[in-house]
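Chains as they are written, first to last, in this note's numbering: chain A, 200 to 369; chain B, 1222 to 1315.
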């Protein structure tokens, strides 16, 4: 069953702060895939990337990763799989446009550890919180951030409609 | 001949944006010292003091010819001309 929640944040600025210029644009099926992964792995954290052409900011290729930490409070890509992922992206002239992971008991906001270890200055860091519904259907918190030099900046998330082939699926 | 070292995005501020640089050394430790000579500051991003001795940072992965150096001697991992070294920060968090 498809997750039908479609969060399209408007142009609302946070009061007292300048309008956020950053936007993460994701296809509906990619959004759904990230949410499904987070729900499936709950109560452990799920993690992965969405790769795209270098410099394009287009999140195109969904790559779920194994959480080698297998933990409800920590995630880490396995070191061998990490190398394979980066070699693969390199061969395709891609970069990680999105790095996502889930929080299973807390809000979808980067933890101190997330901020300290963030090492992809070009990436959108997506946080999904499954704390409310766990493995079950139901809405999740789905938020995106830039994390650069320890500074967290939230950005809008825009979901584009599913492709035509997806629409014809019953 | 030399050793090719692939540099991750986050450390390219030390290499004038270069994705890969060359270095020399008979071990990873010597290679890192050699890199530090040409790219000052980079060593501190790769290693740290642990109980009085220098070790790789916990959340930095280094591979020699696709082998994680933690399984082949860490900083003492032997290197030869023509080897390829890849540096990748862990993708991790809480």
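We put the beta carbon where it would ideally sit given N, CA and C, even for glycine.
Computed from a predicted structure; not experimentally measured.
For residue 273/A, the secondary structure class from DSSP, reduced to helix, strand or coil, is coil.
Residue 346/A and residue 1294/B have their C-alpha atoms spaced approximately 33 Å apart.
For residue 352/A, no Cβ of chain B is located within less than 8 Å of the residue's own Cβ. Residues of the region 1226-1248 of chain B that bring their beta carbon within less than 8 Å of a beta carbon in chain A comprise 1229, 1230 and 1231, in sequence order.
Inter-residue distance for residue 287/A and residue 247/A is about 14 Å (C-alpha atoms, whole angstroms). Contact fails between the region 319-328 of chain A and the region 271-279 of chain A, because fewer than three Cβ pairs, one in each stretch, are under 8 Å apart. At a cut-off of 8 Å between beta-carbon atoms, residue 1307/B makes contact with chain A.
Per DSSP, reduced to three states, the secondary structure at residue 1276/B is strand. At a cut-off of 8 Å, the C-beta of residue 316/A has a neighbouring C-beta in chain B.
If you draw a straight line from the Cα of residue 260/A to the Cα of residue 1273/B, it is about 44 Å long. Of the candidates 1280/B, 1301/B, 1234/B and 1231/B, 1301/B places its Cα closest to the Cα of residue 1248/B. Following the DSSP letters along the chain, one finds residue 315/A in no beta strand (DSSP E) but inside the alpha helix (DSSP H) bounded by residues 311-316. Contact of residue 1268/B with chain A by beta-carbon distance below 8 Å is absent, the smallest such distance being about 16 Å. By the neighbour-count criterion, in which 16 or more other beta carbons inside 10 Å mark a residue as buried, residue 309/A falls on the buried side.
Against chain A, the CB of residue 1314/B has a partner CB under 8 Å away; the residue lies at that interface. Residue-level contact check: residue 1223/B does not touch chain A, since none of the beta carbons of chain A fall below 8 Å from its beta carbon. Listed along chain B, no residue sits closer than 8 Å to residue 335/A by beta-carbon distance, the nearest being about 24 Å off. In the three-state reduction of the DSSP assignment, residue 306/A falls in the coil class, being assigned neither a helical nor a strand state. Contact with chain A is absent for residue 1272/B, since none of that chain's Cβ atoms lies less than 8 Å from the residue's Cβ.
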